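Chemist:
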Amino acid sequence: MAKKKSKFMLSAFSIILILIFGLGILSHLLPDAQFVGEEIVNGSGTVGASLSDILMSPILGFEDAIDVCIFIMMLGGLLAVINKTGALETGIKVLVQKLKGKEIYLIPILMFIFSICGTTYGMLEETVGFYVLLAATMMAAGMDPLVGSAVILLGAGSGCLGSTINPFATGVALSSLPEGIQANQGIVLLIALFLWLSTLAISILFVVNYAKKVQKDKGSTFLSLREQKAAEKKFGNFEDKENKEVHLSGKQKVTLILFGLTFLVMIIGFVPWGEFGITFFDSFTGWLTGSSLGNWWFYEAALWFLIMSIIIAIINKFGEKGFVDTYVDGADDMIGVILVIAVARGASVLMSVTHLDNYIIYNAAEFLSRLPEIAFVPLNYLLHVILSILVPSSSGLATLSTPIIGPLAAQLGYSVEVTVMTLVAANGLVNLITPTCGAIMGGLALAKVEYATWFKWAFKIVVTIALANIFVLGLFTLIL
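Quick note on the numbering used here: the sequence shown kicks off at 2 and runs consecutively.
(1) Are the CB atoms of M352 and L196 within a distance shorter than 8 Å?
(2) Out of curiosity, what's the CA-to-CA distance linking L384 and F207?
(3) Label T263 either buried or exposed according to how many other C-beta atoms from any shown protein chain fall within 10 Å of its C-beta, with 16 as the threshold for buried.
(4) Count the other CB atoms within 10 Å of the CB of V189; is the residue buried (16 or more) or exposed (fewer)?
(5) Grouping DSSP H, G and I as helix and E and B as strand, with all else coil, what is I41?
(6) For the alpha helix (DSSP H) containing I110, name the first residue and the last one.
(7) Does DSSP classify F36 as helix, strand or coil?
(8) Does the distance from the C-beta atom of G77 to that of M335 stay below 8 Å?
(9) What would DSSP say about T165, mapped onto helix, strand or coil?
(10) Using the rule of at least 16 other Cβ atoms within 10 Å of the residue's Cβ for burial, across every protein chain shown, is H356 buried or exposed?
(11) Three-state secondary structure (DSSP) at T478?
(12) For W510, count the other beta carbons within 10 Å of its own beta carbon; 16 or more makes it buried, fewer makes it exposed. Which is it?
(13) Would you identify the three-state DSSP class for M2, choosing helix, strand or coil?
(14) By Cβ distance, which residues of its chain are closer than 7 Å to K4, with the 5 residues on each side in sequence left out?
(15) Which residue from E246, T91, V266, P373 puts its Cα closest to that of L257?
(16) Thinking C-beta only, is I434 closer than 8 Å to A469?
(17) How many Å lie between F477 and S396 at the Cα?
(18) Given this structure, state the Cα-to-Cα distance separating V215 from L447, to the nearest angstrom.
(19) Quick one: what does DSSP say T47 is sitting in, helix, strand or coil?
(20) According to DSSP, is D65 helix, strand or coil?
(21) Tell me the rounded alpha-carbon separation between V148 and E104.
(22) Drop a sphere of 10 angstroms on the beta-carbon of A136, count the other beta-carbons inside from all chains shown, and report buried for 16 or more, exposed for fewer.
(23) Are the CB atoms of A314 and M74 nearer to each other than 8 Å?
(24) Fully enclosed by the region 269 to 349, which alpha helix (DSSP H) runs are 4 residues long or longer?
(25) How many Å lie between L481 and E40 at the Cα?
(26) Is it buried or exposed for G46, if we count other Cβ within 10 angstroms and need 16 for buried?
(27) With DSSP run on the structure shown, which of helix, strand or coil describes Y415?
(28) Do you know offhand how far S7's Cα is from E228's?
(29) Report the rounded CA-to-CA distance for M2 versus D218, giving the unit in angstroms.
(30) What residue range is occupied by the uninterrupted alpha helix (DSSP H) comprising R227?
(31) Could you pull the start and end residues of the alpha helix (DSSP H) that E372 belongs to?
(32) Tell me which residue opens and which closes the alpha helix (DSSP H) that T1 is part of.
(33) Which of the three DSSP states, helix, strand or coil, is assigned to V450?
(34) Which of helix, strand or coil does DSSP assign to M57?
(35) What would DSSP say about I434, mapped onto helix, strand or coil?
(36) Check whether the Cβ atoms of A193 and S164 lie closer than 8 Å to each other.
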């Protein structure tokens, strides 16, 4: 394999901090906000960020992301317990042996499964727990951790981009429409379906093509020499270099079943069943976590990880000290990931403090109102791409933007349904690549993939998806 030179790359921390300082400077270059009493006149301007606002925003990001941070710490403990049993390493080797020559089929299957989770309930930050597993699996199958990261991020991201019944994206956007502005939910669902499946198809083609190249020639990997060494150190033990037949012991099989059950219950817990009129799960787990399945969030999932870690440790006879030491070491390994996620949230904190988000949306809406519909759709998409970099939360963006853009579209006689899905699709696109998304930064850190590497590799895919999205949205604009 031809060795690549180690290239200088900015760390995730540096990229995010530069963005935060840039936002702080921008808040001083724009007009000053006007106030009526203590209320700001929307769109009138921004409040210039003080030095303390800029410096405190990454710290306040911890407060904003505390639930995700605790979730990831508990995940780290669980993964450390699983790794100590050897079940995951052996299980991956057995899987790769069984799929010998057919490992590539894993990619479309897993991406489709992740995309279903994305389109139904917006699975994104919850995918962080899968990065280590998929990075190791793809490494053992002769690929690289970038393939594993792409399977998760582009798979789940495709679903989020084309959110059909996701209550945190499409649901919030529709409910944020002012009274008197109606959207046909059947048409919204149809548009979302086209966006989801077209984006997924593009993503699968790119990932499969890259994976085949790496399998054929390891020198074609997109990873830098530093990343290759880090991946080899972290996941190299999952490769069966001696090509020996391996088997799972009875205890390891039980451990893997429990490990799979842990994530299955977590996913069931996150899906908002009540939004779909399903009450079957209401009576489950409330006694354990205080919230029934379907009403879970990161605290409940963190507790679930801790409980399952204890059960797995007991089955594998760790002993009290062995379990505590292993779990603490695993949680400690996640500190770097937690720092990245918290600092990334700092950008949203600063946007809110300076009212930069309100200024952009109100003034952009004023500009869009002067455009014909054929130009309205792509420029509205571009507007929400920019906004999503600064406000990566789908529900946060929908709450901010829909009450302004929805009535504007209706007033101009444009399709409200297309306008709603433009917002959702643009936000989903950005959350495939933005450094302000904690799920991306945290997941890539776990997979030992630098953000700069992901950005350069994924940029062409994201541009292709954006053009396809605009085509689909423009097509529905002409039809409706």
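For glycine and all other residues, C-beta sits at the position ideal for the given N, C-alpha and C.
Here the structure is a predicted model, which is why all the values come from computation and not from measurement.
Modeler: According to the structure shown:
(1) No, these two residues do not count as a Cβ contact at 8 Å.
(2) Going by C-alpha positions, L384 is about 26 Å away from F207.
(3) Taking all protein chains in view, the Cβ of T263 is crowded by 16 or more other Cβ atoms within 10 Å, so the residue is classified as buried.
(4) Counting Cβ neighbours within 10 Å, V189 comes out buried, since at least 16 surround it.
(5) Note: I41 maps to strand in three-state DSSP.
(6) Here the alpha helix (DSSP H) through I110 covers 107 to 122.
(7) Residue state, collapsed to three classes: strand.
(8) Yes; because the gap between Cβ atoms is below 8 Å, this pair is in contact.
(9) Coil.
(10) Counting the other Cβ atoms within 10 Å of the Cβ of H356 gives 16 or more, which makes it buried.
(11) It is helical.
(12) Any answer about residue 510 is impossible in this case: the structure gives the chain only from 2 up to 481.
(13) Residue placement at M2 is poorly supported in this model, since its pLDDT is 42, which falls under 50; the coordinates still yield a value, given next. In this structure, M2 counts as coil in the three-state DSSP scheme.
(14) Because the pLDDT at K4 is just 47, under 50, the model does not fix this residue reliably, and the value given afterwards should be weighed accordingly. Contacts found: L226.
(15) Distance check between L257 and each of E246, T91, V266, P373 places T91 closest, using alpha-carbon atoms only.
(16) Contact annotation: A469 and I434 have beta-carbon atoms that are not nearer than 8 Å.
(17) Cα to Cα, F477 sits roughly 24 Å from S396.
(18) Distance between the alpha carbons of V215 and L447: 20 Å.
(19) DSSP places T47 within a strand segment (E or B) once states are collapsed to three.
(20) In the structure shown, D65 sits in a helix (DSSP, three-state: H, G or I).
(21) Rounded to the nearest angstrom, the two C-alpha atoms are 12 Å apart.
(22) Classification of A136: buried, given that the 10 Å Cβ count is 16 or more.
(23) No, the pair does not count as a contact, with Cβ atoms beyond the cut-off.
(24) For the region 269 to 349, the full-length alpha helix (DSSP H) segments reaching 4 residues or more read 287 to 290, 299 to 316, 321 to 334 along the chain.
(25) When the Cα atoms are used, L481 and E40 turn out to be separated by approximately 39 Å.
(26) So G46 counts as buried.
(27) It is coil, neither helix nor strand.
(28) Note that S7 scores 47 on pLDDT, short of 50, meaning its location in the model is unreliable; the coordinates nonetheless yield the value given after this. The alpha-carbon separation between S7 and E228 amounts to approximately 9 Å.
(29) With a pLDDT of 42 at M2, under the threshold of 50, the modelled position of this residue cannot be trusted; read the value that follows with caution. When rounded, the distance between both Cα atoms is 7 Å.
(30) Judged by DSSP secondary structure, R227 falls within the alpha helix (DSSP H) whose first and last residues are 226 to 236.
(31) In the sequence as presented, Glu is not what sits at residue 372; that position holds Leu. Annotation: L372 is outside any alpha helix (DSSP H) and is labelled neither H nor E by DSSP.
(32) Past the edges of the chain, shown from 2 to 481, lies residue 1, and the structure says nothing about it.
(33) In the structure shown, V450 sits in coil (DSSP, three-state: anything other than H, G, I, E or B).
(34) Helix.
(35) DSSP places I434 outside both helix and strand once states are collapsed to three, so it counts as coil.
(36) Pairing A193 with S164 gives a Cβ-Cβ distance under 8 Å.
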